[in-house]
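The opening position of the sequence shown corresponds to residue 2 in our numbering, with each subsequent residue numbered one higher. Structure record follows, encoded as structure tokens.
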Amino acid sequence: MAVTTLSTGVLFGAAEAKASWSFDQIMRKAEKRYGRQGPAKDRLLSWNQLIENSRYLPEREKLAAVNQFFNRQLRFLSDTVLWKQSDYWATPIETLVQGAGDCEDFSLAKYFTLRKLGVPEARLRITYARELTRGEAHMVLGYYAAPGAEPLILDNLTNDMLPLSQRPDLLLLYAFDAHGLYQVKDGGLQRTGDTERLPGWQGLMARMRQEGFSLEQG
């Protein structure tokens with residue numbers, strides 16, 4: 002994973018983004034682009050089945066189901082190998098079609114799936130970290146059950162969702178959501194700016210809309 006520097010771009014503004022889409026429409030567009038047969042289609046159908054089966058689960062069980070699904074469906078590959086770029090934020094469709102991604106792609110796919118399942122955006126933070134065992138940049142998805150709560154970590158390195166205090170291998174650095182950028186400081190989140198300074202997101206949003214996703218404000 003490449004740790005991206007901050008630059009100019011646009012996210013959603015102040016309004017909260019709601020994930021809403023028709024899987025049939027997305028599937029038609031995916032079949033037109035990638036074909037009607039093969040493992041890629043099977044992974045997309047499995048993803049839809051995950052969403053249907055998890056829709057009415059308690060929130061904690063939704064987290065576990067989504068975390069395990071992507072950890073089992075995808076293998077880790079760097080952006081330089083998979084996309085021939087130093088840093089590329091793949092859409093969930095692109096990641097599932099490839100059957101692979103880096104830690105950013107795992108985290109983004111989990112984030113958008115949980116938003117589709119109705120997990121409030123205020124409880125989810127896409128989080129840059131340092132994995133201390135390997136000394137490498139890393140990205141995870143943090144879940145905050147309440148404001149100021151200790152985050153639960155969804156990570157492609159393990160199927161176990163553990164609170165941050167039980168992950169001594171991780172040093173959380175900063176996080177973002179649709180409302181802003183945050184520095185992780187003294188166990189909490191301190192707002193440091195707007196997400197319009199975060200590169201990569203605008204291109205991701207544009208590609209997702211082309212794939213048939215609806216990312217509404219409200």
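The beta carbon of each residue, even a glycine, is placed where N, CA and C say it ideally should be.
* To do: Leaving out five residues on either side along the sequence, give the residues of the same chain with a beta carbon under 7 angstroms from the beta carbon of Glu60.
  => Here residue 60 refers to the residue found at position 59 of the sequence shown. Answer for Glu60: Val120, listed in chain order.
* **Under the three-state DSSP convention, the category Trp22 falls into** => By one-based count along the sequence shown, residue 22 stands at place 21. In this structure, Trp22 counts as strand in the three-state DSSP scheme.
* Quick one: grab the DSSP three-state call for Gln74. => The count along the sequence shown starts at 1 and reaches residue 74 at position 73. In this structure, Gln74 counts as helix in the three-state DSSP scheme.
* Asked: What are the complete beta strand (DSSP E) segments, minimum 3 residues, inside the segment 144-177?
  -> 153-156, 159-164 and 171-177
* Asked: Going by other Cβ atoms of all chains shown within 10 Å of its Cβ, with 16 needed for buried, is Val82 buried or exposed?
  -> Here residue 82 corresponds to residue number 81 of the sequence shown, with the count starting at 1. Exposed, since its Cβ has fewer than 16 Cβ neighbours within 10 Å.
* For Leu142, which option in Gly39, Leu75, Leu205 and Asn68 has the closest C-alpha, if you only look at C-alpha atoms? -> Position 141 of the sequence shown holds residue 142. For the residues Gly39, Leu75, Leu205 and Asn68, the minimum Cα distance to Leu142 belongs to Asn68.
* Residue span of the alpha helix (DSSP H) that contains Ala207, given as start and end -> Taking the sequence shown and counting its residues from 1, the one referred to as residue 207 is at position 206. Run containing Ala207: Trp202 to Gln211, per the alpha helix (DSSP H) assignment.
* Report yes if the CB atom of Arg73 is closer than 9 angstroms to the CB atom of Asn160, and no otherwise. => The count along the sequence shown starts at 1 and reaches residue 73 at position 72. The count along the sequence shown starts at 1 and reaches residue 160 at position 159. Yes, the pair counts as a contact, with Cβ atoms nearer than the cut-off.
* Asked: By Cβ distance below 7 angstroms, which residues in the same chain neighbour Gln99 in space, the five residues on each side in sequence not counted?
  -> Counting from one through the sequence shown, the residue named residue 99 turns up at place 98. Closer than 7 angstroms at the Cβ level, and outside the excluded window around Gln99, lie Leu83.
* Please report how far the alpha carbon of Lys117 lies from the alpha carbon of Gly136, in whole angstroms. => Here residue 117 is taken as the residue at index 116 of the sequence shown, counted from 1. Here residue 136 is taken as the residue at index 135 of the sequence shown, counted from 1. Roughly 33 angstroms separates the two Cα atoms.
* To do: Could you tell me the distance, in whole angstroms, from the CA atom of Ser47 to the CA atom of Gly213?
  => As a first step, residue 47 must be located in the sequence shown, where it is residue number 46. As a first step, residue 213 must be located in the sequence shown, where it is residue number 212. Rounded to whole angstroms, Ser47 to Gly213 spans 18 angstroms at the Cα level.
* **With 16 other Cβ atoms within 10 Å as the buried cut-off, status of Glu95** => The residue you call residue 95 lines up with position 94 of the sequence shown. That one is buried.
* Other residues of its chain near Gln86: CB distance less than 6 angstroms, five sequence neighbours each side excluded -> One-based indexing of the sequence shown puts residue 86 at position 85. Cβ within range, chain order: Asp80.
* Under a Cβ-count criterion, where at least 16 other Cβ atoms within 10 Å of its own Cβ denotes burial, should Asn157 be classed as buried or exposed? -> Counting from 1 along the sequence shown, the entry for residue 157 is found at position 156. Answer is buried; the Cβ neighbour count reaches 16.
* Asked: Can the beta-carbon of Phe107 be found closer than 9 angstroms to that of Leu75?
  -> Numbered from 1 along the sequence shown, position 106 holds the residue referred to as residue 107. Numbered from 1 along the sequence shown, position 74 holds the residue referred to as residue 75. Yes; because the gap between Cβ atoms is below 9 angstroms, this pair is in contact.
* Asked: Going by the beta-carbon positions, is the gap between Thr128 and Arg208 smaller than 9 angstroms?
  -> Translated into positions along the sequence shown, residue 128 becomes position 127. Translated into positions along the sequence shown, residue 208 becomes position 207. It is not a contact, given that the beta carbons lie outside the stated cut-off.
* Asked: If you run the structure through DSSP and keep just helix, strand and coil, what is Tyr1?
  -> Residue 1 cannot be examined here, being either before or after the span of the chain that is shown, 2 to 219.
* Asked: Ordered along the chain, which non-local residues of its own chain (more than five positions away) have a Cβ less than 6 angstroms from that of Lys1?
  -> Because residue 1 is not part of the residues shown, which for the chain are 2 to 219, the question remains open.
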